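This report refers to the structure that appears directly beneath it.
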């Protein structure tokens with residue numbers, strides 16, 4: 003997602019896979035499509051040296067947020083992701099996992115984001 007909450011790339015992993023394994027697949031081959039991308043924000047689940055090294059090779063800086071054990075705290079840039087999820091959950095089909103394949107979930111998310119972008123452009 004960019005700073006406005008719009009998708010730059012999408013890759014959905016099955017529920018039995020950790021998200022960090024899909025990060026390289028999500029961003030792989032996108033260097034030429036996203037020439038202005040410089041920094042990637044991720045949560046603490048993406049803290050692995052291999053991913054950090056891969057991002058450095060691509061010319062991107064991977065910055066991870068670490069949660070502090072002091073109770074509730076708003077993490078920087080996390081609200082952008084949560085806001086985008088709220089936009090997507092307004093679409094009835096995306097509120098629940100009814101899809102049998104990962105590809106159909108990806109298509110539905112892309113359709114919802116396309117509709118959101120078109121509504122913003124029309125306004």
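Residue numbers (my numbering): 3 to 125.
Note that beta-carbon positions come from the ideal geometry of N, C-alpha and C, so glycine has one too.
Computed from a prediction, not measured in an experiment: that's the story for all the values here.
Within the same chain, and ignoring the five residues on either side of residue 15 in sequence, the residues whose Cβ sits closer than 7 Å to its Cβ are 21, 23 and 24.
DSSP places residue 42 inside the beta strand (DSSP E), whose first and last residues are 41–44. Per DSSP, reduced to three states, the secondary structure at residue 12 is coil, with no helix or strand assignment. Counting only residues of its own chain and dropping the five nearest sequence neighbours on each side, residue 55 has no CB closer than 6 Å to any other CB. The Cβ-Cβ distance between residue 65 and residue 43 falls below 8 Å. Rounded to the nearest whole angstrom, the CA to CA distance from residue 116 to residue 48 is 27 Å. Residue range 80–90 is occupied by the alpha helix (DSSP H) that includes residue 86.
Beta-bridge pairing by DSSP links residue 66 to 44. Cβ-Cβ separation between residue 90 and residue 111: approximately 6 Å, consistent with a contact (criterion under 8 Å).
Here residue 10 is exposed. Its C-beta has fewer than 16 other C-beta atoms within 10 Å. In this chain, residue 4 is not harboured by any alpha helix (DSSP H), its DSSP state being neither H nor E. Residue 109: member of the alpha helix (DSSP H) spanning 104–124, first to last residue. Where residue 29 is concerned, the enclosing alpha helix (DSSP H) starts and stops at 22–29.
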